[in-house]
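Asker:
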Amino acid sequence: MSVLNTPLHELDPAVAAAVDAELHRQQSTLEMIASENFAPVAVMEAQGSVLTNKYAEGYPGRRYYGGCEHVDVIEQIAIDRVKELFGAEHANVQPHSGAQANAAAMFALLKPGDTIMGLNLAHGGHLTHGMKINFSGKLYSVVPYHVGDDGQVDMAEVERLAKESKPKLIVAGWSAYPRQLDFAAFRRIADEVGAYLMVDMAHFAGLVAAGLHPNPVPHAHVVTTTTHKTLGGPRGGVILSTAELAKKINSAVFPGQQGGPLEHVVAAKAVAFKVCASEEFKERQRRTLEGARILAERLVKDDVKAVGVDVLSGGTDVHLVLVDLRDSELDGQQAEDRLHEVGITVNRNAIPNDPRPPMVTSGLRIGTPALATRGFTAEDFTEVADVIAETLKPSYDVDALRARVTALAAKHPLYPGLQVISYAFLCTDIRGIAHTGPVSAVPRTCIRRNDPSSLCTTPSRWTASSAEPLGVLPWPSRSSICSRSASARPARTRSARCGPPGCSPGGCATRTCWTRSPRSARSCTAPWAPPGTATARPRRCCWAWRATRPARWTWSRPTSGWRRSRTAAGSGCSASTRSRSPSPTTWCCTAARHSRTTPTA
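Residue numbers for the sequence shown follow UniProt numbering, so the first one is 1 and each next one is one higher.
#1: One question on the structure: do Ala372 and Arg293 come within less than 7 Å of each other, judged by their Cβ atoms?
#2: Can you find at least 3 beta carbon pairs, one from the region 387 to 403 and one from the region 10 to 17, that sit closer than 8 Å?
#3: Which of helix, strand or coil does DSSP assign to Ser241?
#4: So, does the region 85 to 92 touch the region 123 to 133, judging by three or more C-beta pairs under 8 Å?
#5: Can you say whether Glu75 is buried or exposed, counting buried as having 16 or more other CB atoms within 10 angstroms of its CB?
#6: Using three-state DSSP, classify Glu57 as helix, strand or coil.
#7: Rounded to the nearest angstrom, how far is the Cβ of Ala34 from that of Gly236, given a contact under 8 Å?
#8: Could you check which residue in Glu336, Asp324, Leu51 and Gln334 has the C-alpha nearest to that of Asn353?
#9: With DSSP run on the structure shown, which of helix, strand or coil describes Ala91?
#10: Within this structure, are the beta carbons of Thr230 and Leu207 separated by less than 7 Å?
#11: Got a sec? Which residues, its chain only, sit under 8 Å from Arg48 by beta carbon, not counting five neighbours each side?
#12: Go ahead and label Ile133 buried or exposed: buried means 16 or more other beta carbons lie within 10 angstroms of its beta carbon, across all protein chains shown.
#13: Need the endpoints of the alpha helix (DSSP H) that Arg332 sits in, please.
#14: Please check the pair Met32 and Val309, which I expect to be a contact at CB under 8 Å, by giving their CB distance rounded to whole angstroms.
#15: Taking C-alpha atoms, which residue in Val387, Leu392, Ala409 and Ala410 lies nearest to Leu401?
#16: Thr361 by DSSP, collapsed to three states: which one?
#17: Classify Leu262 as helix, strand or coil using the three-state DSSP reduction.
#18: Using the three-state DSSP reduction, which class does Asn347 fall into: helix, strand or coil?
#19: Can you name, in chain order, every residue of its own chain whose Cβ lies under 8 Å from the Cβ of Ile344, other than the five neighbours on each side?
#20: On the DSSP letters alone, give me the boundaries of the beta strand (DSSP E) that Gly417 sits inside.
#21: Nearest-angstrom Cα distance between Gln27 and Glu290?
#22: So Gly137 is in the alpha helix (DSSP H); what residue range does that whole segment cover?
#23: Report the option in His129, Leu85, Tyr140 and Ala99 whose CA atom is closest to the CA atom of Pro112.
#24: State whether the region 59 to 77 contacts the region 181 to 188, with contact taken as three or more CB pairs (one from each stretch) at a distance under 8 Å.
#25: I need the straight-line Cα distance from Pro214 to Glu84, nearest angstrom please.
#26: Which residue wins for smallest C-alpha separation from Gln285, given the options Phe376, Pro355, Leu181 and Ser251?
#27: Quick one: Cα of Val238 to Cα of Ala306, how far?
#28: Mind listing, in chain order, the continuous alpha helix (DSSP H) runs of no fewer than 4 residues lying wholly within the region 200 to 229?
#29: Which term fits Ala270, buried or exposed, when burial requires 16 or more other beta carbons within 10 angstroms of its beta carbon?
#30: Please state whether the Cβ-Cβ distance between Thr6 and Ala105 is less than 7 Å.
#31: Would you identify the three-state DSSP class for Glu75, choosing helix, strand or coil?
#32: Quick one: what does DSSP say Asp310 is sitting in, helix, strand or coil?
#33: Under three-state DSSP, which class holds Leu119?
#34: Among Glu336, Ala156, Gln152 and Leu197, which one has its Cα closest to the Cα of Tyr177?
#35: Compare the C-alpha of Lys54 against each of Glu36, Ala39, Val222 and Gly260 and name the closest.
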């Protein structure tokens, strides 16, 4: 078969397996990073289409390449739809990202050395609003404004700084700010000092499209946005402007900032804009706001405040909540890890006047768009909010909280008809018994013992009995598990079966059937005869714990016995030595076959 027609799972099994694992991660956990969402299948179909192959420098009707008659139609559809959606006079749909949209807009309006004003990064602004090491901080003179003691933008300071610095551009917008901005006040200040007003609505564009947030387009000279956050489309950017600035904006994008546009992404944007004009989308945005408010209300209750957790500005008007951990025993990194442990994905975030370093922080940014897209209701958001509140307390039950998260994920299945890559496995346990089936059928509930965790200083014994979706590692807590069991010696237990039928008391292969090729093929493919069998089977690399840490534990099956060794990630099997049998949760697995199914409606 020609490479041109070879499907991914056959051409590149390693990438295919990772894609499949990511699908399962998204399906089985709760995504609450405020800047993430789930694109409709139709959007992904457009983005994965043959438009990937087409170069189309220029704009509809004015291309520098032939054969652009069809992409012209698609790009014009995208332009017309987004203009109608926001009431804009002009739209450029070619920016590859929100950051490039901001760069192009500044390139169109400014010269190097001009003064700009933007919300300080530590107070909720974006990198492209004037961070020192970003292009915006290197090319332009930056005067940042801040939030006040109430956690809201200090408009008196904005006006004072504008009159003092006479900026050429004022940027209104944010990356981590839970309140609405007064666009009319920003425009009045900009007019008073002769500045352009640019609004970055990347985070709240979906709320604007649904009529649930003030529209900045009537007030701003230029409005930029991404298309993948609350809009729920493909990853990309858009610039909206007045008709007067249209030529400058277009020239700044191409040829100023970019070459050929990504027409497959432009097509996906067009599809997303159609979705954004629907009543279903508006109802989803209402649930997005409702979910954020429910979360904020739960996190300001007395039981949470008693452990030092609070909400910045006291609440939210948008799709996200900023959690203040300055008085908590937890820092942002620890809180993020805890929530990850129970199956909720968020990101740590700096807050105004944060006493901790940027990679640690004293805050969390938690968003609701992705869960609203999955269909979460007020009742579901109430449950999620309670899980988060309980997880941030000093004493929390990982297994119980994880079970509640798993139940919520199962209640609202994500892409139920989509199995992009159904990656089959062949798993051979330590007795030589082979098991096969799709990755999605690997048992989820396991009792695991003797797993050497890279989070512990020494191999430890721990037990976890909970629903553990594929692709999500149940990180043992340093305090609750490793410290209690670091001195425990690995117990010798009998081997157990692994495979689709279920888990036996000894364990199963929930997260052990991976397809990473070992570095040493010879030591992993030599034949060996398992105990109690007469037929030699291929020997395979095995590992009990595969984490995203720098090291992992691996097992190899030499003819003289088993050997446990700790190796760098990516290393292959260890050399042959005599040793006792491995733990029951260690399995020999390898990719055996693959299948591909078509998405259903």
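Idealized CB from N, CA, C, for every residue including glycine.
All figures in this text were calculated on a predicted structure; none of them were measured in a lab.
Answerer: Result, derived from the coordinates:
#1: no
#2: Not touching, per the Cβ criterion.
#3: strand
#4: no
#5: buried
#6: Reduced to three states, the DSSP call for Glu57 is coil.
#7: That pair is no contact at about 18 Å.
#8: Asp324
#9: strand
#10: yes
#11: The residue you asked about is not Arg; residue 48 is Gly in the sequence shown. Answer for Gly48: His264, listed in chain order.
#12: exposed
#13: Arg is not the amino acid found at residue 332; the sequence shown has Gly there. Looking at the DSSP string, the run of the alpha helix (DSSP H) that includes Gly332 is Gly332 to Val342.
#14: Not really, about 16 Å apart at Cβ, beyond 8 Å.
#15: Val387
#16: coil
#17: coil
#18: strand
#19: Thr29, Leu30, Met32, Val384, Val387, Ile388, Thr391 and Val405
#20: Element bounds for Gly417: n/a, residue is neither H nor E.
#21: Looking at the two C-alpha atoms, the distance is approximately 22 Å.
#22: Phe135 to Leu139
#23: Tyr140
#24: no
#25: Straight-line Cα distance between these residues: approximately 16 Å.
#26: Phe376
#27: 44 Å
#28: 205 to 209
#29: buried
#30: no
#31: The answer is helix: DSSP assigns Glu75 an H, G or I state.
#32: In the three-state reduction of the DSSP assignment, Asp310 falls in the strand class, which pools E and B.
#33: strand
#34: Gln152
#35: Gly260
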